[in-house]
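Undergrad: Residue numbers (UniProt numbering): 82 to 320.
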Amino acid sequence: RMNTKKITTSSQALDGLLGGGIETRTMTEFFGEFGSGKTQLCHQLSVNVQLPPEKGGLNGKAVYIDTEGTFRWERIEAMSKSVGLDPDTAMNNIYYMRAINSDHQMAIVEDLQELIVKDPAIKLVIVDSVTSHFRAEYPGRENLAVRQQKMNKHLHQLVRLAEMYDLATIITNQVMARPDMFYGDPTVAVGGHTLYHVPGIRIQIKKSRGNKRIARVVDAPHLPEGEVVFAITEEGVRD
Ligand code: ATP
Ligand code: MG
82 RMNTKKITTS SQALDGLLGG GIETRTMTEF FGEFGSGKTQ LCHQLSVNVQ
132 LPPEKGGLNG KAVYIDTEGT FRWERIEAMS KSVGLDPDTA MNNIYYMRAI
182 NSDHQMAIVE DLQELIVKDP AIKLVIVDSV TSHFRAEYPG RENLAVRQQK
232 MNKHLHQLVR LAEMYDLATI ITNQVMARPD MFYGDPTVAV GGHTLYHVPG
282 IRIQIKKSRG NKRIARVVDA PHLPEGEVVF AITEEGVRD
């Protein structure tokens with residue numbers, strides 16, 4: 082984990098859980114049920130990567146690959162204003178890409194190297210959600226093998242980009258809330274082992290009271306165990 086850099090989440094508690102923030106050279110997965118805040122976290126990080134290092138950013142740009150059509154420029158505007166960035170500049174520093182199906186999603190990531198070489202300011206690549214097209218197009222057990230094979234190729238490309246270009250990649254993954262989730266093996270809950278063998282940091286997000294959310298890191302021996310509480314507000318992710 083040498084030479085990694087961190088991007089703040091705008092929550093000190095969550096940053097603390099992550100050892101300072103989302104790190105470069107690493108793929109980070111946010112997983113949790115609908116409305117748990119995965120997409121809001123992605124918006125916040127695509128703003129925060131632009132902050133100067135003394136404010137927790139990398140003076141960088143973001144690529145936002147949206148598979149579900151849930152990206153909102155208004156949220157970027159509100160979040161950027163709130164952290165003291167000019168909203169127009171902040172919006173210009175996000176390469177927005179809408180992936181209409183899984184082949185398109187994979188092709189976008191395959192072509193990304195060219196863009197990153199052209200614009201080395203890119204320090205964050207987000208795929209929100211990484212699993213939805215694959216689940217819709219390759220449903221059920223009968224398609225498990227081909228779904229896994231395609232997903233694995235896709236995920237390894239994202240890991241490779243992170244390592245080659247010293248950037249952070251973030252993927253999101255919707256999972257059903259299950260009462261046994263915190264007690265059983267949570268990896269089993271994730272799309273039938275889909276993401277299990279790919280290296281990276283996995284963060285589980287749970288809804289709590291009101292705008293509060295609970296985060297915990299799964300399977301990361303180098304990070305402390307435990308849960309933290311953060312909030313999602315009009316201004317973005319906060320403590
Ligand atoms: P899904 O799996 O369905 O994609 P998700 O984990 O991506 O869900 P988000 O879309 O990030 O969930 O979170 C939605 C929640 O974020 C809303 O229910 C609300 O609580 C909060 N939220 C969204 N926009 C705002 C806002 N402008 N002000 C305050 N809270 C907001
Ligand atoms: Mg979402």
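Just so you know, even glycine gets a beta-carbon here, dropped at the ideal spot from N, CA and C. Here the structure is a predicted model, which means the values were calculated and not measured.
By Cβ distance, which residues of its chain are closer than 6 Å to V130, with the 5 residues on each side in sequence left out?
TA: Closer than 6 Å at Cβ, skipping near neighbours: I88, G138, L139, G141, A143, K204, L205.
Undergrad: Helix or strand or just coil, what does DSSP make of D261?
TA: Residue confidence is low: D261 scores 45 on pLDDT, short of 50, so the model does not pin down where it sits. Its coordinate-derived value is still stated next. Coil.
Undergrad: Ignore the nearest five residues each way along the sequence and tell me which others in L166's own chain have a CB closer than 8 Å to its CB.
TA: Around L166: V128, Q131, L132.
Undergrad: Please report how far the alpha carbon of K287 lies from the alpha carbon of D184, in whole angstroms.
TA: Straight-line Cα distance between these residues: approximately 30 Å.
Undergrad: Does the distance from the C-beta atom of Q255 to that of S289 stay below 7 Å?
TA: Result no, Cβ atoms of Q255 and S289 do not sit closer than 7 Å.
Undergrad: Run the CB neighbour count on I181, radius 10 Å, all protein chains shown included, and call it buried at 16 or more, exposed below.
TA: With fewer than 16 Cβ atoms within 10 Å of its Cβ, I181 is classed as exposed.
Undergrad: Excluding the 5 residues flanking V279 on each side, which residues of the same chain have their C-beta closer than 6 Å to its C-beta?
TA: Excluding sequence neighbours, V279 sits near L236.
Undergrad: Rounded to whole angstroms, how far is the Cβ of A249 from the Cβ of T109, which I believe are closer than 8 Å?
TA: With 8 Å as the limit, A249 and T109 qualify as a contact, their Cβ atoms being about 7 Å apart.
Undergrad: Can you look up A143 in the DSSP assignment and give me helix, strand or coil?
TA: Residue state, collapsed to three classes: strand.
Undergrad: May I have the straight-line CA-CA distance separating M178 from Y145, to the nearest angstrom?
TA: Spanning the two alpha carbons is a distance of roughly 6 Å.
Undergrad: Helix, strand or coil for N182 per DSSP?
TA: Of the three classes helix, strand and coil, the one that applies to N182 here is coil, per DSSP.
Undergrad: Quick test of your reading: I284 and F111, contact by CB under 8 Å. State the CB separation rounded to the nearest angstrom.
TA: The pair is a contact, with the Cβ atoms about 5 Å apart (cut-off 8 Å).
Undergrad: What residues does the ligand ATP have around it, judged by CB closer than 5 Å to any heavy atom, in chain order?
TA: This selection yields F115, G116, S117, G118, K119, T120, Q121, Q255, I313, E315.
Undergrad: For D209, which residues does DSSP report across the bridge?
TA: DSSP, once it has assigned bridges, lists D147 as partnering D209.
Undergrad: Taking only the alpha-carbon atoms, compute the straight-line gap between S91 and M172 and give it to the nearest angstrom.
TA: Whole-angstrom Cα-Cα distance: 18 Å.
Undergrad: Closest to N84 by CA distance: which of G101, G100, T105 is it?
TA: N84 has its Cα closest to that of T105, out of G101, G100, T105.
Undergrad: Let me check you understand the geometry: is the CB of T89 closer than 6 Å to at least one non-hydrogen atom of the ligand MG?
TA: Checking every heavy atom of the ligand MG against the Cβ of T89, none is found closer than 6 Å.
Undergrad: Return the chain-ordered list of same chain residues with a C-beta closer than 6 Å to the C-beta of G265, the five sequence neighbours on each side being excluded.
TA: Unreliable positioning characterises G265 in this predicted model, as indicated by a pLDDT of 38, which lies under 50. A coordinate reading is not provided.
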